[in-house]
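In the numbering used here, the protein residues as written are 4 to 142.
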Ligand SMILES: [Zn+2]
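Shown next as structure tokens:
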């Protein structure tokens with residue numbers, strides 16, 4: 004049932020350990036700037052808004068809207084050949100940050116099934132013993 008995952012995997016490190024630990028529990032967590040309250044992504048110790056080191060972790064709602072997408076019909080590398088067609092996308096998280104992800108849960112992807120601004124919700128794909136990747140499906 005479980006196939007060997009043969010694509011590149013993230014390497015959690017100091018600034019992103021919590022993010023990946025929470026993702027493995029199927030929760031999406033962001034960093035927030037404690038100076039101005041803005042959430043940001045990707046996780047890093049210094050906020051990109053205020054360059055503040057006063058930051059904290061926050062659990063995201065998991066809700067987002069589709070910002071932009073493509074439908075990939077040609078695999079960028081042989082490891083993706085079994086996935087095509089698939090949908091790389093950028094989503095606007097409810098908390099504000101944008102993130103790169105994939106849209107899933109729509110069957111065979113066609114442009115008719117995807118609309119800019121459509122509501123989405125996070126879902127997680129377990130790809131190894133330690134890594135689960137956040138992806139989004141229609142809400
Ligand atoms: Zn800030």
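We put the beta carbon where it would ideally sit given N, CA and C, even for glycine.
| task | For residue 71, collect the residues of the same chain with a Cβ closer than 6 Å to its Cβ; drop the 5 residues on either side in sequence, then sort them by chain order. | result | 93
Give a yes or no on contact between the region 37-55 and the region 133-140, applying the rule of three or more CB pairs nearer than 8 Å. no
Exposed or buried, which one is residue 54 when buried takes at least 16 other CB atoms within 10 Å? exposed
Worksheet entry | Under 7 Å between C-beta atoms of residue 31 and residue 98 | Judged by their CB atoms, residue 31 and residue 98 are not nearer to each other than the 7 Å cut-off.
Would you tell me roughly how many angstroms separate the C-alpha atoms of residue 89 and residue 63, rounded to the nearest one?
25 Å
Checklist entry - Cα separation between residue 69 and residue 126? => result Roughly 14 Å separates the two Cα atoms.
**Prompt:** Relative to ligand 1, is the shortest distance from any of its heavy atoms to the C-beta of residue 56 smaller than 6 Å?
**Reply:** no
Check: DSSP state of residue 97, grouped into three classes?
Finding: coil
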